[in-house]
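In full-length UniProt numbering, the protein residues as written are 1 to 520.
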């Protein structure tokens, strides 16, 4: 029998990545296609689906070329995606009518207010396992309905990013349970179906949602002739449903069992724990897990920004590192890390609130804003950079603590996936702040590897997920420094108190500044 290969593709917020994995779990090729987010004002975030579609076609084609793999050798492909918020409103011909209002968009404030005043929130929580915030897709859907009536009237379906691309590849429309659950508000997490009760109360016709709900490992369809020409895969290649990127990254890190917990560090941060539906929290987000969704629940605390604020810092203050990187081939982030390594824990008196796009879990405050406390003329760029890394660590600890307050059995070891796993400094900061051992799985590929695993299960090569544990290798284990942990405990107290102390002033600033924004 000739070697077979699995493709895993993840549609991210800023890039689409595809990997090729051999049947023994070796990653033999990868490709990355970048794009941007449309931000018409500080609280909005949109993307047109064509960039995702083209990103998938190009990343698949380039990945096959780099890995020198023939389309005949590909057993299947699975696709995960960013949380698409409102979903893409498409007409009956599946043509997009409006850009997708994605997860980081926080415009639906008046819709949230209406829901709080008119809907039984406790009933919603009992049905969906989720609360209400501008983060959730159902609030963004209501914004579309109220502000874009011409779009709403023509909308045939509201489709998540991965489902949209899978339709383009197969001519079949389906939505996996994790993508449906992440919309919140209108999905019954107990029955694994759209809640007609909540749809009716909210005024969102259930007919506008994809009808076919599937497991993440299910085959959605096969590559069509047209899609074959665009991406290079063979006509008839199975396409697996996949799921939301955060639980897919969790799966890629080997989180199958109750208590397994993983922090996905990308543009945002999602710390998630696996359980069996015994507890839910209004402070966290819950959805069926991508593995065994009938029994397993993925509950996560999601910071709106993680890598995003570090990337922002590099863009604003890292011009020198960018220039040196061009001349030497060294990653500018590595250079910034090297500068910050000699700065003591706590950045010598700095605390950063990382709320540069409002905040999701666990404070749920669309009007929260970033803040730097403690600056003096003594502090340098290296101090600030380390303080930004530490801010994400404080946010991670805050979410982990809320998970513990839920009464969930959270294991003492936390795995991390995403670009952060390549930074030893950042990982050391995370373990010292949280007090947890942190494991960085080899390669840091996250969701694309989870997709590749699903291909093996979905095409019946593997009987279950236990057979693929050997694929998941851990290169390094980080243990907390007791001395550093004590220092960070004191800074963390200030971090938690600071938000409460300046919350009202942040809200006033937002109110004043938003009057100058042009909304369209």
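Built from N, CA and C at the ideal position, the CB exists for glycine as well. Quick caveat: nothing in here was measured; it's all calculated off a predicted structure.
Report yes if the C-beta distance between residue i and residue j is below 8 Å; otherwise report no.
i	j	result
residue 362	residue 453	no
residue 377	residue 350	no
residue 144	residue 86	yes
residue 499	residue 433	no
residue 232	residue 60	yes
residue 248	residue 440	no
residue 43	residue 107	yes
residue 521	residue 450	Because the chain spans 1 through 520 in this model, residue 521 falls outside it and cannot be assessed.
residue 202	residue 155	no
residue 243	residue 297	no
residue 254	residue 496	no
residue 271	residue 396	yes
residue 63	residue 16	no
residue 425	residue 337	yes
residue 162	residue 11	yes
residue 472	residue 437	no
residue 23	residue 4	yes
residue 56	residue 38	no
residue 372	residue 252	no
Keeping to the same chain, check which residues put their C-beta closer than 6 Å to that of residue i; ignore five residues upstream and five downstream.
i	result
residue 48	99
residue 391	352, 354
residue 36	none
residue 13	82, 267
residue 359	304, 365, 368
residue 309	354, 356, 388
residue 317	381
residue 520	The pLDDT assigned to residue 520 is 45, lower than 50, so where the model puts this residue is not dependable, and the model offers no usable value.
residue 172	220, 221
residue 250	262, 272
residue 212	174
residue 518	Note that residue 518 scores 49 on pLDDT, short of 50, meaning its location in the model is unreliable; the coordinates nonetheless yield the value given after this. Same-chain partners within the cutoff: there are none.
residue 280	129, 286
Identify, in the order they occur along the chain, each residue of the same chain with its Cβ nearer than 8 Å to the Cβ of residue i, setting aside the five sequence neighbours on each side.
i	result
residue 76	6, 7, 219, 237, 238, 239, 240, 455, 458, 459
residue 1	Because residue 1 sits at a pLDDT of 46, beneath the cut-off of 50, its placement in the model cannot be relied upon, and the point is left open.
residue 501	none
residue 121	115, 131, 132
residue 332	314, 318, 321, 322, 324, 325
Strictly by DSSP, which residues pair up with residue i?
i	result
residue 167	According to DSSP, residue 167 bridges with nothing at all.
residue 44	BP columns for residue 44 are empty, so no partner.
residue 240	78, 219
residue 285	300
residue 351	373
residue 193	188
residue 275	297
residue 96	90
residue 53	Paired residue(s): none; residue 53 is not in a bridge.
residue 159	88
residue 356	358
Mind checking which residues open and close the alpha helix (DSSP H) that includes residue i?
i	result
residue 469	That residue, residue 469, is in no alpha helix (DSSP H); it is neither H nor E in DSSP.
residue 32	Premise fails: residue 32 lies in the beta strand (DSSP E), 27-34, not in any alpha helix (DSSP H).
residue 388	381-405
residue 177	177-182
residue 507	482-514
residue 23	Counting along the chain, residue 23 falls outside any alpha helix (DSSP H), and DSSP gives it neither H nor E.
residue 232	Unbroken run through residue 232: none, as it is neither H nor E.
residue 429	424-434
residue 154	149-154
residue 456	447-458
Within 8 Å (strictly less), CB to CB, does residue i reach chain C?
i	result
residue 516	This model lacks chain C altogether, as it is built from one protein chain only.
Which same chain residues, not among the five before or five after residue i, have their C-beta less than 7 Å away from its C-beta?
i	result
residue 109	134, 366
residue 160	81, 84, 87, 175, 179
residue 141	86, 158, 204
residue 374	349, 350, 351
residue 509	369
residue 258	274, 275, 276, 409
residue 246	264, 270, 272, 300
Taking the beta strand (DSSP E) that residue i falls in, what are its first and last residues?
i	result
residue 103	No beta strand (DSSP E) contains residue 103, which DSSP labels as neither H nor E.
residue 439	437-441
residue 5	5-11
residue 261	261-265
residue 210	Counting along the chain, residue 210 falls outside any beta strand (DSSP E), and DSSP gives it neither H nor E.
residue 343	No beta strand (DSSP E) contains residue 343, which DSSP labels as neither H nor E.
residue 416	413-418
Below 8 Å, can you find three or more Cβ-Cβ pairs linking the segment 185-192 to the segment 218-235? no
Would you say the segment 401-410 touches the segment 303-319, given that touching needs at least three Cβ pairs under 8 Å? no
So does the segment 41-57 actually touch the segment 65-72, counting three or more Cβ pairs closer than 8 Å? no
For the segment 336-348 against the segment 423-433, are there 3 or more C-beta pairs whose distance is under 8 Å? yes
When the Cβ atoms of the segment 171-180 are set against those of the segment 119-133, are three or more pairs found closer than 8 Å? no
With three or more C-beta pairs closer than 8 Å as the rule, is the segment 404-416 touching the segment 272-280? yes
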